[in-house]
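Novice: Take a look at this one; I'll ask things after.
Protein chains: 2
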Amino acid sequence: MDETVGIVAREAGKSFGQQIFIVDDDDAQRDSLVWLLESHGHVVRAFSGARDFLAVWNGNPAGCLLLDVRMPGMSGPELFEELTRRCSALPVIFITGHGDVAMAVTALKKGAADFIEKPFSSDEVLKIVNHCLTRESEERAHRCARADTARRLGQLTRRERQVLDLIIAGKLNKQIAGDLDISIKTVEVHRARVMEKMGVSSLASLIRRIVSARL
Amino acid sequence: MDETVGIVAREAGKSFGQQIFIVDDDDAQRDSLVWLLESHGHVVRAFSGARDFLAVWNGNPAGCLLLDVRMPGMSGPELFEELTRRCSALPVIFITGHGDVAMAVTALKKGAADFIEKPFSSDEVLKIVNHCLTRESEERAHRCARADTARRLGQLTRRERQVLDLIIAGKLNKQIAGDLDISIKTVEVHRARVMEKMGVSSLASLIRRIVSARL
DNA sequence: GATAAAATCAGCATTTTCCCGAAGCGGGGT
DNA sequence: ACCCCGCTTCGGGAAAATGCTGATTTTATC
Numbered sequence: 459m460d461e462t463v464g465i466v467a468r469e470a471g472k473s474f475g476q477q478i479f480i481v482d483d484d485d486a487q488r489d490s491l492v493w494l495l496e497s498h499g500h501v502v503r504a505f506s507g508a509r510d511f512l513a514v515w516n517g518n519p520a521g522c523l524l525l526d527v528r529m530p531g532m533s534g535p536e537l538f539e540e541l542t543r544r545c546s547a548l549p550v551i552f553i554t555g556h557g558d559v560a561m562a563v564t565a566l567k568k569g570a571a572d573f574i575e576k577p578f579s580s581d582e583v584l585k586i587v588n589h590c591l592t593r594e595s596e597e598r599a600h601r602c603a604r605a606d607t608a609r610r611l612g613q614l615t616r617r618e619r620q621v622l623d624l625i626i627a628g629k630l631n632k633q634i635a636g637d638l639d640i641s642i643k644t645v646e647v648h649r650a651r652v653m654e655k656m657g658v659s660s661l662a663s664l665i666r667r668i669v670s671a672r673l
Numbered sequence: 459m460d461e462t463v464g465i466v467a468r469e470a471g472k473s474f475g476q477q478i479f480i481v482d483d484d485d486a487q488r489d490s491l492v493w494l495l496e497s498h499g500h501v502v503r504a505f506s507g508a509r510d511f512l513a514v515w516n517g518n519p520a521g522c523l524l525l526d527v528r529m530p531g532m533s534g535p536e537l538f539e540e541l542t543r544r545c546s547a548l549p550v551i552f553i554t555g556h557g558d559v560a561m562a563v564t565a566l567k568k569g570a571a572d573f574i575e576k577p578f579s580s581d582e583v584l585k586i587v588n589h590c591l592t593r594e595s596e597e598r599a600h601r602c603a604r605a606d607t608a609r610r611l612g613q614l615t616r617r618e619r620q621v622l623d624l625i626i627a628g629k630l631n632k633q634i635a636g637d638l639d640i641s642i643k644t645v646e647v648h649r650a651r652v653m654e655k656m657g658v659s660s661l662a663s664l665i666r667r668i669v670s671a672r673l
């Protein structure tokens with residue numbers, strides 16, 4: 459059965475490794491969601507409280523989080539705040555039983571992926587979760603690319619970084635040499651090393667990397 | 459008094475030309491909003507119905523729209539849909555009297571700027587409107603830049619466009635010549651014309667323009 | 001068919017970039 | 001003190017790009 463789940467997940471086109479976390483104090487509701495999602499090939503991990511989830515949460519898992527709003531102890535919005543504070547990129551789908559427009563608006567404006575009311579249909583949840591996972595997968599790719607760019611930027615020396623900035627600014631080696639008060643030859647060396655360290659072979663790729671990483 | 463309004467608006471640091479549109483069938487509510495916003499130096503234009511607003515709306519004014527949800531004839535969400543269909547970039551702030559989480563979530567996910575419930579405080583509205591205008595101003599700058607880039611891209615010939623694509627891909631003139639099966643000299647001509655038409659003088663600027671415009 | 005616009009190519013001088021090599025300099029470790 | 005390594009600094013020659021003048025062919029448009 460476990461194997462089947464994996465196969466189904468792959469057949470559904472989901473990137474392997476994505477898990478759906480559920481945090482809800484209502485046992486029936488939680489089990490219902492677990493059953494629904496697992497029967498559709500998702501890997502699910504359910505928790506009855508925010509603390510339990512935080513204890514397991516190891517930084518930045520792939521997937522999304524179905525989060526109940528009203529819970530004893532730490533509430534849904536509080537957990538969401540905490541995740542935001544910890545720079546989590548895990549998409550959060552709020553689930554609430556008591557319609558509260560202000561809370562929904564606040565949550566969404568703070569970056570929640572969605573906000574659904576009970577009762578909800580199976581199709582609704584599945585659709586939202588799938589959409590969320592798809593987006594998360596893309597987002598993840600972007601984050602990885604950005605992280606890689608940041609890492610590479612980090613291993614540039616001061617001089618190389620200065621040269622890079624001027625390259626991005628569109629200056630010629632001659633102008634860069636003038637600005638930094640060094641010879642053109644030296645600029646060329648730094649430039650070559652920048653290209654090497656950034657893992658690109660053309661100026662176009664270099665600019666693309668830097669500009670893309672800024673957004 | 460009109461002059462004072464203008465001065466106040468400038469002193470408040472708002473980009474000139476921004477107007478706040480209000481569409482609400484409730485006369486008292488509408489007048490109240492008009493008074494509140496005008497007394498804070500905003501230029502306001504109020505309408506009692508969606509049709510009236512659409513008749514005046516000329517494509518893409520600067521500012522934002524305070525839109526009541528429930529109205530006879532065309533409703534708030536319907537007007538919002540229509541604006542979206544017409545590729546409007548005018549930020550929409552929904553105002554509702556009857557809390558409806560699903561509607562709020564839908565509206566926000568479709569790109570509404572905010573969704574506030576009656577009754578609301580003056581401070582709340584002012585804060586939201588100001589935030590909205592600030593964002594809109596920045597967005598506008600980006601849109602202008604993008605529009606300019608698109609316009610320039612539009613006046614490139616087919617060949618120039620092909621060459622541009624290969625330049626962006628980071629290829630050398632020699633490689634471009636090979637790909638398009640033309641001589642290097644010709645590539646150089648196209649390349650120069652691309653730079654000229656795109657209004658840039660360095661490869662870095664060119665790449666930045668293109669990449670920025672894609673987002 | 002005339003006219004204009006686009007696409008094609010060449011030569012030549014200049015500038016810029018790329019690749020290989022090399023040397024001074026300063027900190028860390030043995 | 002000595003050596004190694006990374007950072008920074010250069011030079012020379014090859015390759016590539018740029019700017020300019022000029023030209024022919026193809027295509028679009030009226």
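Here the protein sequences line up with chains A and B, keeping their order.
Using our numbering, read the first sequence as starting at 459 and increasing by one per residue.
Using our numbering, read the second sequence as starting at 459 and increasing by one per residue.
C-beta: ideal position from N, C-alpha, C; glycine also.
As a quick exercise: from B:SER580, B:GLY555, B:ARG543, pick the residue whose alpha carbon is nearest that of B:GLY569.
Specialist: B:ARG543
Novice: As a quick exercise: from B:GLU596, B:VAL527, B:LEU611, B:ARG617, pick the residue whose alpha carbon is nearest that of B:PHE573.
Specialist: When only C-alpha atoms are compared, the closest one is B:VAL527.
Novice: A:GLU594 and A:CYS545: beta carbons closer than 8 angstroms?
Specialist: no
Novice: My output table needs one value for A:GLY464: the three-state DSSP class, helix, strand or coil.
Specialist: Summary for A:GLY464: the model assigns pLDDT 43, below 50, so the residue's position carries little reliability, and this model does not support an answer.
Novice: For a contact meaning CB atoms closer than 7 angstroms, what does A:SER670 contact in chain B?
Specialist: VAL669
Novice: Bridge partners of A:LEU524, per DSSP?
Specialist: A:ILE480, A:ILE551
Novice: Could you give the first and the last residue of the continuous alpha helix (DSSP H) run that contains B:ALA504?
Specialist: No alpha helix (DSSP H) contains B:ALA504, which is instead part of the beta strand (DSSP E) from 501-505.
Novice: Please name the residue or residues paired with B:ILE574 in a DSSP beta bridge.
Specialist: B:ILE553
Novice: Assign B:LEU639 to one of three DSSP states: helix, strand, or coil.
Specialist: It should be pointed out that residue 639 of chain B corresponds to Asp in this sequence rather than to Leu. The answer is coil: DSSP assigns B:ASP639 none of H, G, I, E or B.
Novice: For A:PHE538, go through chain B and note every residue whose CB falls closer than 7 angstroms to its CB, in chain order.
Specialist: The contacting residues do not exist; A:PHE538 stays about 15 angstroms from chain B at best.
Novice: Is there a Cβ of chain B sitting closer than 8 angstroms to that of A:GLY534, yes or no?
Specialist: With 8 angstroms as the cut-off, A:GLY534 does not count as an interface residue toward chain B.
Novice: Do you know how far the Cα of A:ALA508 is from the Cα of B:GLU469?
Specialist: Low local confidence applies: a pLDDT of 45 at B:GLU469 is under 50, so the model's placement there is unreliable, and no value is given.
Novice: Would you tell me roughly how many angstroms separate the C-alpha atoms of A:VAL658 and A:HIS600, rounded to the nearest one?
Specialist: Just so you know, the alpha carbons of A:VAL658 and A:HIS600 end up roughly 17 angstroms apart.
Novice: Spell out whether any CB of chain A is found under 8 angstroms from the CB atom of B:ALA627.
Specialist: yes
Novice: By the DSSP assignment, the alpha helix (DSSP H) with A:LYS629 in it spans what residues?
Specialist: Careful: A:LYS629 lies outside any alpha helix (DSSP H) and carries neither H nor E.
Novice: Taking three-plus beta-carbon pairs below 8 angstroms as touching, is the region 503-518 of chain B in contact with the region 476-484 of chain B?
Specialist: yes
Novice: Is it buried or exposed for A:GLY531, if we count other Cβ within 10 angstroms and need 16 for buried?
Specialist: exposed
Novice: Under 8 angstroms Cβ to Cβ from A:ASP484, same chain only, skipping five residues before and after it: list those, please.
Specialist: ASP526
Novice: From which residue to which residue does the alpha helix (DSSP H) around A:TRP493 run?
Specialist: 485-496
Novice: Within 8 angstroms (strictly less), CB to CB, does A:GLU596 reach chain B?
Specialist: no
Novice: With a threshold of 8 angstroms, are at least 3 pairs of Cβ atoms found where one atom belongs to the region 643-662 of chain B and the other to the region 647-658 of chain A?
Specialist: no
Novice: Given that a residue counts as buried once 16 or more other Cβ atoms are within 10 Å of its Cβ, and exposed if not, what is B:TRP515?
Specialist: buried
Novice: Just mark A:ASP558 as buried or exposed, buried being the case when its beta carbon has 16 or more other beta carbons within 10 Å.
Specialist: buried
Novice: Please list, in chain order, the chain A residues whose beta carbon lies closer than 8 angstroms to that of B:VAL563.
Specialist: ALA562, LEU566, ASP572, PHE573, ILE574
Novice: Count the other CB atoms within 10 Å of the CB of B:ALA650; is the residue buried (16 or more) or exposed (fewer)?
Specialist: exposed
Novice: Below 8 angstroms CB to CB, which residues in the same chain sit around A:HIS589 once its five sequence neighbours on both sides are set aside?
Specialist: none
Novice: Using a Cβ-Cβ distance cut-off of 8 angstroms, determine whether A:ARG619 contacts chain B.
Specialist: No, no contact with chain B.
Novice: Closest by CA to A:THR615, which one among A:ALA605, A:VAL647, A:ILE586?
Specialist: A:VAL647
Novice: Mapping DSSP to helix, strand and coil, what is B:THR607?
Specialist: Three-state DSSP puts B:THR607 in a helix.
Novice: Tell me the residue span of the alpha helix (DSSP H) that contains B:ASP510.
Specialist: 508-514
Novice: Ordered along the chain, which non-local residues of its own chain (more than five positions away) have a Cβ less than 6 angstroms from that of B:PRO549?
Specialist: CYS522, ALA571, CYS590, GLU594
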